[in-house]
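Enquirer: The opening position of the sequence shown corresponds to residue 201 in this note's numbering, with each subsequent residue numbered one higher. To start, I am sharing the structure in question, which I have written as structure tokens.
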Amino acid sequence: MSEIFAALLGALAAGGFQTIFSIIDRQRMRRSTLIAIAAEVQSLCILIRHQGYLEAFHKKLRDIESNAWDGSGWIMDIRSHYFSVFESNSNNLSILKPDHVVMIVRFYGYCKSAIDCTRPDGPFAGDVRPEDAEGNIRAVVSILTKILQLGDDIAQLPQNPMLPSVADV
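Listed below in structure tokens is the structure:
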């Protein structure tokens, strides 16, 4: 009887340790995924700010409002692949908190939309009616503003000392 009890106790202990290690591993994976995505998001926001994209579109809006606009749009020729961390971690999104996932997915959706709205071969390149170009400029301002707001919020999610504060960049 004591051998059966010992075997049962050993199996329970092994299962308990396996469960604990699994929980710890899942927490590590969740944190690593969130930190990696937050770092990529933060770097994208830094690039948007340093390239002056939002300011350029705001200038177009000021020109429109002051009747100094020439009717042209603005093209951002973004060819690099900036979403590699997100795409390589997309299978881990399910282990993140749902509200974090919503923010992250929206951020990348807005980024892709901004790229599509400003492509050199996109719908607003070349000869475009001024009212269509104006609508696109207004849309891009809204999209870039949302990207930066979401990005700043996402960068703060992991509370990691390795990521500089939004105020520091």
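Using N, Cα and C, we set each Cβ at its ideal position, and we do this for glycine too. Keep in mind the model is a prediction, meaning the values are calculated, not measured.
Hey, L357 and L234 are a contact pair by Cβ (cut 8 Å); roughly how many whole angstroms apart?
Expert: Confirmed, about 6 Å.
Enquirer: Quick check: the region 314-328 against the region 258-269, are there 3 or more CB pairs under 8 Å?
Expert: Judged by Cβ distances under 8 Å, the region 314-328 makes no contact with the region 258-269, as fewer than three pairs qualify.
Enquirer: Which runs of the beta strand (DSSP E), 3 residues or longer, sit entirely within the region 267-346?
Expert: Runs found: none.
Enquirer: Suppose you measure from the CA of A236 to the CA of V285; what does that come to, to the nearest Å?
Expert: One C-alpha to the other measures close to 7 Å.
Enquirer: So what does DSSP say about V252, is it helix, strand or coil?
Expert: For clarity, residue 252 is Gly in the given sequence; the question names Val instead. Three-state DSSP puts G252 in coil, outside helix and strand.
Enquirer: Look at Y310 and L247 and say whether their C-beta atoms are less than 8 Å apart.
Expert: No. Outside cutoff.
Enquirer: Could you compute how far the alpha carbon of A339 sits from the alpha carbon of N267?
Expert: Taking the straight line from one Cα to the other gives about 19 Å.
Enquirer: Roughly how far, in whole angstroms, is the beta-carbon of S272 from the beta-carbon of A325, given that I think they are within contact range, below 8 Å?
Expert: Not quite, the Cβ-Cβ distance comes to about 10 Å (not below 8 Å), so this is no contact.
Enquirer: Pick out whichever of I343, Q359, W274 has its Cα sitting closest to the Cα of D327.
Expert: When only C-alpha atoms are compared, the closest one is W274.
Enquirer: Below 7 Å CB to CB, which residues in the same chain sit around N289 once its five sequence neighbours on both sides are set aside?
Expert: Closer than 7 Å at the Cβ level, and outside the excluded window around N289, lie T233, A236, I237.
Enquirer: Is L357 helix, strand or coil when you go by DSSP?
Expert: Coil.
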